[in-house]
Every structure is written in structure tokens, then in C-alpha cells.
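In this note's numbering, the protein residues as written are 91 to 228. For every residue, glycine included, the Cβ atom is placed at its ideal position computed from N, Cα and C.
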């Protein structure tokens, strides 16, 4: 069965960002339609999902990749902003420059930012600027 699927998908375009967006948008619109009972929402969701699957099973690489490139160009700013927002929450303290392996704390005395390793439990932190000591959980 798996070989048949692999053979069927050979030469097909497959998943890309635009197809993924269309499928998720269609799914969300169909779920919203369960609450609002609108035939227009149902049509929009169904068309989005069908078009997403048509793109996945298409054999026209050039056309699909051009459409995906156009989609990525048009949504670059939005994706960049969401990526920044995701990095802010990922780093823990709203500082997107620190990797998730470290946590940023602020000295209460001199407001110096101090980077400490994450996951070390309760630690005593000494501010390198004013030598103020405080205990935090990393």
C-alpha cells in the first residue's frame, strides 16, 4: 500500500506553504461554518480545501512553484512579524536576541540585563555591573 502511494506521488508537486495555508484556511472556515451555518462559508472552505489538494496532486512544477513564490513574496512581511513575535515568546522575557537555552533577568538595582542558562533551577545571580545578588528560578 505504501509503495503504491509513493509511486502515485512520484512526479507530483506535493505540499508547500501555499497548499498548507489553503488547507488550514479551508479547515478553519468549515469549522466556523458549523457555528454560523452559512452556505457561503461552506463554499469558501470547500473550494479552498479542494484547490489545496489540486495543488498537492498537480504535476505542473513550474506553475505551482511560481504560485508559491508569489504567495511567499506577498506574505513575507506578515511571516516576518509573526516570526519576531514567536521568538519573543520563545526566549522567555521578550528579548528575541537570546536563544532559548538562556533566560534573561533584569537587575533590580541597576536594571542591567543578565543572561543565565535555562533549566538550572533556583540559582543565585550576581549582577556583573553593581554586584547586587538575587535568587531566581531559571
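Three-state secondary structure (DSSP) of residue i
| i | result |
| --- | --- |
| residue 129 | helix |
| residue 203 | strand |
| residue 105 | coil |
| residue 42 | Summary: the structure shown does not reach residue 42, with the chain confined to residues 91 through 228, and so no result is reported for it. |
| residue 210 | coil |
| residue 94 | helix |
Environment of residue i [buried if 16+ CB atoms lie within 10 Å]
| i | result |
| --- | --- |
| residue 103 | buried |
| residue 121 | exposed |
| residue 108 | buried |
| residue 193 | buried |
| residue 112 | buried |
| residue 209 | exposed |
| residue 197 | buried |
| residue 135 | buried |
| residue 142 | buried |
Cα-Cα separation between residue i and residue j, rounded to whole angstroms
| i | j | result |
| --- | --- | --- |
| residue 119 | residue 167 | 24 Å |
| residue 156 | residue 140 | 19 Å |
| residue 214 | residue 160 | 51 Å |
| residue 227 | residue 199 | 18 Å |
| residue 137 | residue 116 | 8 Å |
| residue 202 | residue 218 | 8 Å |
| residue 212 | residue 225 | 7 Å |
| residue 145 | residue 154 | 7 Å |
| residue 151 | residue 158 | 10 Å |
| residue 222 | residue 216 | 6 Å |
| residue 95 | residue 148 | 15 Å |
The ligand PLP heavy atom lying under 7 Å from the CB of residue i
| i | result |
| --- | --- |
| residue 203 | With respect to small molecules bound, the structure shown includes none, and the ligand PLP cannot be examined in it. |
* Asked: What are the complete beta strand (DSSP E) segments, minimum 3 residues, inside the stretch 148-182?
  -> The stretch 148-182 is shown to contain no whole beta strand (DSSP E) run of 3 or more residues.
* Any chance the stretch 113-130 sits against the stretch 160-179, with 3 or more Cβ pairs inside 8 Å? -> Not touching, per the Cβ criterion.
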